[in-house]
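Written out below as structure tokens is the structure these notes cover.
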Amino acid sequence: MIDVRLLRTDLDGVRAALSRRGKPDVLGQLDDAVALDTRLREITSERDALRAEVNDISKQVGQLRRNQQMAEAEEMMGRSRAIGDREKILQEEAESLEEKLRQVLLRIPNLPHPDAPHGKSDADNPVLKGPINMPATFAEHQRVPHWETAVALGILDNERATKISGSMFTMQRGLGATLSRALCQYALDRNADAFEEIRPPSLVTTATLTATGQLPKFADDAYAIERDDLWAIPTAEVPLTSLYASEVVEDTELPARFMAYSSCYRREAGSAGRDTRGMLRAHEFDKVEILALAMPEQAEALLIELRDRAEALIAGLGLPYRIIEICTGDMGGSHHRSYDLEVYAPGCDSWLEVSSVSWFSDYQARRADIRFKRTGQKGTEIAHTLNGSALAVPRVWAAICENFRQPDGSVALPEVLWPYMRGATSISPK
RNA sequence: GGAACGGUGGCAGAGCGGACAAAUGCACCCGCCUUGAAAGCGGGAGGGCCAAAAGCCCCGGGGGUUCGAAUCCCUUCCGUUCCGCCA
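Okay, here's the thing in structure tokens:
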């Protein structure tokens with residue numbers, strides 16, 4: 104959520120920053136917010152003056168009653184009642200304005216970082232690095248889509264997944280299932296030097312899903328369990344960000360770093376019919392997420408660190424990859440600055456997004472009310488949040504099946520995964 | 001799911017209709033004392049709204065009674081214990 108005070112002190116700056124996103128209706132919401140805020144402040148100051156009067160009279164009533172001056176007390180009580188009635192009306196108006204303002208503010212996106220590249224769409228995202236590990240040419244045996252390879256090897260059984268759960272669900276079998284788990288284990292182990300491992304809940308409250316920005320705008324993308332007013336998490340970012348929601352953290356605790364494996368659930372409401380084959384897009388998938396909670400001055404370095412860590416995982420697997428920076432027109436609504444890691448999959452002949460690393464400035468933390476306190480200073484400040492996929496399992500799984508496919512149809516496994524594969528170094532037909 | 005008890009500042013814990021932003025203890029910060037430390041003594045210190053003074057709000061959340069609510073009533077959530085059920 105954007106800081107309302109910014110709207111009062113630097114509306115032009117906010118307008119300029121937001122217009123870089125290229126979403127014209129956002130500027131209209133901005134005007135709505137300013138109007139509501141102005142009116143709200145008028146009402147509250149009027150209301151507070153009335154309250155002050157009531158408080159003052161009440162003190163006097165107490166005094167008069169102690170002095171047995173009952174007639175005078177009665178008279179003042181009558182006056183206070185009248186003021187109280189007016190106060191109540193203003194209070195109701197203030198509450199309704201507050202709620203309206205909140206609803207508008209929740210839909211206004213974050214301000215992009217000044218250095219975030221300007222652009223309209225994903226076509227304008229600059230390549231920051233790479234391609235790395237990209238051979239001059241791919242062999243014919245690598246030009247086979249992973250769904251063909253994997254089905255032939257018996258490690259992918261989407262037909263039965265669909266029978267059990269419907270379309271866009273996947274199922275891995277045998278060493279394919281082991282490989283999924285191995286990738287998670289690998290990603291967690293490689294970041295355990297600095298990140299506390301969390302095993303968070305997969306179902307969260309409406310408040311929790313609002314904090315990270317999925318609600319209220321993107322309710323259709325999430326699975327809702329209405330009977331219990333819970334939502335299935337689309338990423339471990341959701342519970343991890345809210346770990347310290349409505350708490351005040353000591354500055355000595357920051358930056359705090361967490362990582363979590365979780366299943367992720369997405370309705371993919373807008374993607375019906377896209378990427379229906381294989382492992383590229385599914386309603387449920389595994390991912391390891393890394394996340395940091397920081398003071399503002401620590402954030403930029405952390406963003407680079409998270410990106411480096413995500414890159415190190417992919418590089419360690421030996422897959423061809425590149426890093427792109429997300430331009431203002433393509434950025435998610437909560438994002439301040441972000442990078443994507445893409446892996447090349449020769450069988451599909453496409454770049455697959457396997458990690459997205461983002462800095463949210465104080466946008467999510469304000470929604471979640473995560474504050475920190477500087478030792479020796481009065482007051483609190485809103486924290487910054489950052490996160491990134493350490494590793495999104497299915498697409499990496501797919502890229503391994505395609506890049507490391509051998510002429511005989513088997514798939515060679517990256518050496519870093521061998522310790523997690525029960526002795527297997529490749530996957531061959533049964 | 002049923003019953004009982006409880007939710008107050010960083011923690012512990014008093015207050016149960018008026019001078020309460022809230023005793024006390026621990027922890028914390030500053031000073032004195034000391035060669036240094038501990039102890040002792042003196043002082044300071046909650047969060048939020050507002051440009052800020054003033055003022056207002058905050059004793060789990062919401063609602064009510066009252067001139068006035070941490071305190072009374074209703075409701076809801078959370079916790080603990082017991083019972084029931086169950087991986």
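Our numbering runs 103 ahead of the 1-based position in the first sequence. Virtual Cβ for every residue (Gly too), placed ideally from N, Cα, C.
Contact between the region 376 to 389 and the region 271 to 281 is present: 3 or more CB-CB pairs across the two stretches fall below 8 Å. The shortest C-alpha to C-alpha distance from Asn236 to any of Ile485, Leu422, Arg360, Ile473 is the one to Leu422. Residue environment for Val351: exposed (fewer than 16 other C-beta atoms within 10 angstroms of its C-beta). Apart from sequence neighbours up to five positions away, the residues of its chain that approach Arg246 with a beta-carbon distance below 7 Å are Pro449, Gly450, ordered along the chain. The three-state reading of DSSP puts His216 in coil, since its state is none of H, G, I, E or B. With a 10 Å radius around the Cβ and a threshold of 16 neighbouring Cβ atoms, Ser224 comes out exposed. Between Leu139 and the set Leu110, Val307, Gly165, Glu156, the nearest pair of CA atoms involves Leu110.
Separation of the CB atoms of Glu392 and Glu340 is rounded to 6 Å, and the pair is thereby assigned contact status at 8 Å. The C-beta of His221 has fewer than 16 other C-beta atoms within 10 Å across all chains shown, which makes the residue exposed.
The beta carbons of Thr488 and Ala501 sit no closer together than 9 Å. Taking 9 Å as the cut-off, the beta carbon of Glu299 is found no closer than this to the beta carbon of Met398. Straight-line spacing of the CA atoms in Leu312 and Ile429 works out to 23 Å.
Counting only the Cα atoms, Thr281 lies some 53 Å from Asp134. Between the C-alpha atoms of Arg118 and Asp465 there is a straight-line separation of about 18 Å. Contact check for Tyr523 and Tyr289: beta-carbon distance about 6 Å, within the 8 Å limit, so the pair qualifies.
Boundaries of the alpha helix (DSSP H) around Ser161: 127 to 169.
Between Tyr364 and Glu387, the CB-CB gap reaches or exceeds 9 Å. Under the three-state reduction of DSSP output, Met179 falls in the helix class. Here Leu208 has Met104, Ile105, Val107, Ala136 as same chain residues with Cβ atoms under 8 Å from its own Cβ, once five neighbours each way along the sequence are excluded. Within 10 angstroms of the beta-carbon of Thr315 lie 16 or more other beta-carbons, which makes it buried. Residue state for Thr478 is assigned as coil, using DSSP reduced to three classes. The alpha carbon of Arg144 has as its nearest neighbour, out of Glu178, Arg168, Gln194, the alpha carbon of Gln194. Listed in chain order, the beta strand (DSSP E) runs fully inside the region 295 to 326 are 299 to 301, 306 to 308, counting runs of at least 3 residues. Within the model, the alpha-carbon separation for Gly257 versus Glu456 is close to 25 Å.
Taken through DSSP and simplified to helix, strand or coil, Thr488 comes out as strand.
Residue Leu396 holds the alpha-carbon nearest to the alpha-carbon of Gly491 among Val129, Arg169, Val254, Leu396.
Apart from sequence neighbours up to five positions away, the residues of its chain that approach Ala359 with a beta-carbon distance below 6 Å are Leu396, ordered along the chain. For the alpha helix (DSSP H) assignment, the uninterrupted runs of no fewer than 4 residues enclosed by the region 186 to 262 are, from N- to C-terminal side, 249 to 256. Look at the region 359 to 413 and you find these whole runs of beta strand (DSSP E), each 3 residues long or longer: 359 to 368, 387 to 397.
Under the DSSP assignment, Ala502 falls outside any beta strand (DSSP E), being part of the alpha helix (DSSP H) whose first and last residues are 496 to 506. In this structure, Cys287 lies near Asp389, with their beta-carbon atoms less than 9 Å apart. C-alpha of Ile336 to C-alpha of Arg263: approximately 24 Å in a straight line. Taking the Cβ atoms as the reference, Arg425 lies roughly 6 Å from Lys232, within the contact range of under 8 Å. Note that the C-beta distance between Ser458 and Asp472 is not below 9 Å. Residue range 333 to 335 is occupied by the beta strand (DSSP E) that includes Ala335. Scanning its chain for C-beta atoms nearer than 7 Å, with the 5 sequence neighbours on each side dropped, one finds around Thr338 the residues Cys367, Lys390, Glu392, in chain order.
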